[in-house]
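Chains A and B are the protein sequences, given in the same order. For the first sequence, the positions run 1345 to 1462 when the working numbering is used. For the second sequence, the positions run 1345 to 1462 when the working numbering is used. In this text, a Cβ means the ideal position worked out from N, Cα and C, and glycines have one as well.
Protein chains: 2
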Amino acid sequence: MARAATTSDAFNAVAEPRRREILTYLAMRERPVGEIVTALRIDQPSVSKHLGVLRKVGLVRVRCEGRHKFYQTNAAAIRPMHEWTREFEKFWQHQLIRVKERAEKKVSDDRQKPNPHS
Amino acid sequence: MARAATTSDAFNAVAEPRRREILTYLAMRERPVGEIVTALRIDQPSVSKHLGVLRKVGLVRVRCEGRHKFYQTNAAAIRPMHEWTREFEKFWQHQLIRVKERAEKKVSDDRQKPNPHS
DNA sequence: TTTACATATTCCTATATGAGAATGTATTTT
DNA sequence: AAAATACATTCTCATATAGGAATATGTAAA
């Protein structure tokens, strides 16, 4: 089997850096495709294709108005990723504490038995 | 250009569902490869390859002891993803509030002018 | 109804993937 | 030294990209 499709879920869709830029850009307010093109300096067909992927996984919403299409990030679709990464929060906190403890222990030991190099 | 390598960053590495399972499994404590194989029911070569990807992007650490290799999730490497998704928290909160407001407004309207179907 | 504008789609290609199977490499045990 | 154990690597293959170029579709303006 090959790699999972970019349209299979939010994790795969968001793996592409350009798509992350687009999502950030569209988070505050909706924008027409043309503005994404000029603001992020990506070719228009490329933007349309990225938006297609993001739309398929529900990461953006579209509103049509005449010949313009206004896209906006659907932040709620990012929430599951936030929740998944949150599971690891307690672990990186523990790790940081252990690093800190080791550093403090070292300082304490150095006071007892000074560094031979100094 | 093709898709970015799975080893290019945490986002790409984590796009694969099996690798997310492995990271979750290795979060609490280190485990030898064999335990991952039996616990998650993934073929051993596949596990080794996934671990190779995870190691390249710093998502797991290895400790060698005889013919065993103990892998553990390096939670700190997941933190940037958590921070990135966090940027959208305020937006999905706004969206949920707006949805709630609309629902409440509808209830209020319905009291004024009862549903014609009832 | 032409013309201009905004966006989407198609075709192409180099490249990377994940799974399965087979094999390689250390390390330990007998 | 041979056998067993624990992992890693290599090979093949079907599949899916992302970007570039060209073209299509749909809407509005002249």
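Straight-line gap, Ile1386 (chain A) to Ile1380 (chain A) (C-alpha atoms, nearest Å) = Spanning the two alpha carbons is a distance of roughly 8 Å.
task = Could you work out which residues of chain B lie near Gln1439 (chain A), taking near to mean beta carbons separated by less than 9 Å?
result = Within chain B, the residues Asn1418, Ala1419 and Ala1420 have their CB atoms less than 9 Å from the CB of Gln1439 (chain A), given in chain order.
query = Hey, Ala1354 (chain B) and Val1401 (chain B): beta-carbon distance below 7 Å or not?
reply = Yes.
task = Report the residue ranges of all beta strand (DSSP E) runs contained in full by the stretch 1364–1417 of chain B; include only those spanning at least 3 residues, in chain order.
result = As far as the stretch 1364–1417 of chain B is concerned, its whole beta strand (DSSP E) runs of at least 3 residues are 1404–1409 and 1412–1417.
key: Which listed residue (A:Glu1374, A:Leu1367 and A:Phe1432) has its alpha carbon closest to that of Arg1407 (chain A)   = Nearest to Arg1407 (chain A) by alpha-carbon distance, out of A:Glu1374, A:Leu1367 and A:Phe1432, is A:Glu1374.
message = Here's a check: name, in chain order, each residue in its chain whose Cβ is nearer than 6 Å to the Cβ of Thr1350 (chain B), leaving out the five neighbours to either side.
response = Setting aside the 5 residues that flank it on each side, Thr1350 (chain B) is surrounded in the same chain by Asn1356, Ala1357 and Val1397, each with a C-beta closer than 6 Å to its C-beta; the list follows chain order.
message = Out of B:Pro1361, B:Thr1417 and B:Arg1442, which one is the CA nearest neighbour of His1438 (chain A)?
response = Put simply, of B:Pro1361, B:Thr1417 and B:Arg1442 the residue whose alpha carbon is nearest the alpha carbon of His1438 (chain A) is B:Thr1417.
inquiry  = Whole angstroms are fine: how far does the CA of Arg1430 (chain A) sit from the CA of Met1372 (chain A)?
reply    = Distance between the alpha carbons of Met1372 (chain A) and Arg1430 (chain A): 23 Å.
task = Please determine, among B:Gln1388, B:His1394, B:Arg1411 and B:Ala1346, the residue with the shortest C-alpha to C-alpha distance to Leu1367 (chain B).
result = If you compare the alpha carbons of B:Gln1388, B:His1394, B:Arg1411 and B:Ala1346 with that of Leu1367 (chain B), the shortest gap goes to B:His1394.
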